[in-house]
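S.K.: Before we start, here is the structure in question, set down as structure tokens.
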Amino acid sequence: MAIKSVKPPSFQRGALLIEMLVSLVLGIMAISLIISILFSGYRVASKNSLELFVLQNLAITSEMMRSDIQRAGYAGISGGSITLSGASDVVVISGASMGFVYHDPKSGKYQHVKYKAENNRLYSCEKKSSTILSFDSLNGCNNLFDQNMLSVTSFAVSTIELTSSSAISTMSDVYLEAELVDGQYNHSVLTKIKQRNWL
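Now the structure itself:
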């Protein structure tokens, strides 16, 4: 009858220790791989969310300006168009700023609006009054973007006169460019807006 030799207990403990070390190393490698994948996914998601933040702010602001400009010059039931005091054009452009006025039927007053870019920021200046004010008097402005997050790199407005046999209108091109304050994710939007209220 064959008799199997029994390995010394110390040898068995050594083999078990090696197996445990191998398992530990493999476990650490697996955990490291999972963490690396999760971290990469987080970085991609973070990058996408920051870029989306820039794009959303540009889109929302451009749409707000479109809505305002389309109402520029509205005179109410009296018809025709109104301009800022001392202005000959419905949309006044001065450097990196534009302004206009329209009648607000809800309040019965004149709503004055001015957009201006200054020190890498875009401001909106709004004021209601029973009388029409001048472009230069429109102060008390609010920053449209979070100055700790976004920097406005360019803001420009141009208009083209559209004429027909019975009316005069304008087409406004509003160019807005912004990026994160650290210079990342620079994007721009060009909005073409036709003035609704004809002179």
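Per my numbering, the very first residue in the sequence shown carries number 5; after that it's consecutive.
For each residue, glycine too, the CB sits at the ideal point set by N, CA and C.
1. For S82, tell me which candidate among G112, A91, S98 has the shortest Cα-Cα distance.
2. Could you tell me whether the Cβ atoms of F139 and A182 are closer together than 8 Å?
3. Does the beta-carbon of V26 have 16 or more other beta-carbons within 10 angstroms, so that it is buried, or is it exposed?
4. Where do the N-terminal and C-terminal ends of the beta strand (DSSP E) with D108 fall, by residue?
5. List the endpoints of the continuous beta strand (DSSP E) containing V193.
6. My guess is that L184 and L54 are in contact by the Cβ rule of under 8 Å, so how many angstroms apart are they, rounded?
7. What is the DSSP secondary structure of V58, counted as helix, strand or coil?
8. Assuming S66 and V193 make a contact with CB atoms under 8 Å, what is their CB distance in whole Å?
9. State the DSSP-derived secondary structure class of S40, mapped to helix, strand or coil.
10. Have a look at F159 and A100 and give me their C-alpha separation to the nearest angstrom.
11. Per DSSP, what kind of secondary structure is N52 in: helix, strand or coil?
12. Please report the straight-line C-alpha distance between H107 and T167, rounded to a whole angstrom.
13. Within the same chain, show all residues whose beta-carbon is closer than 6 Å to that of C145, passing over the 5 residues directly before and after it, in chain order.
14. Exposed or buried, what is L143 when buried is set at 16 or more other beta-carbons lying within 10 Å of its beta-carbon?
15. Closest by CA to I187, which one among S71, V96, D93, N124?
16. With distances taken Cα to Cα, identify the nearest neighbour of N61 among T174, Q151, K196.
17. Taking only three categories from DSSP, how would you classify A34?
18. Beta-carbon within less than 7 Å of Y189's beta-carbon, same chain only, minus the 5 sequence neighbours each way: which residues are those?
M.R.: Looking at the coordinates:
1. G112
2. It is not a contact, given that the beta carbons lie outside the stated cut-off.
3. exposed
4. 101-108
5. 191-198
6. 6 Å
7. helix
8. Taking the Cβ atoms as the reference, S66 lies roughly 5 Å from V193, within the contact range of under 8 Å.
9. helix
10. 6 Å
11. helix
12. 24 Å
13. Y127, C129
14. Checking the sequence, you will find Asn at residue 143 rather than Leu. With fewer than 16 Cβ atoms within 10 Å of its Cβ, N143 is classed as exposed.
15. It is Gly, not Ile, that sits at residue 187 in the sequence shown. Cα-wise, what sits closest to G187 is N124.
16. Q151
17. helix
18. L54, E55, V58, E183
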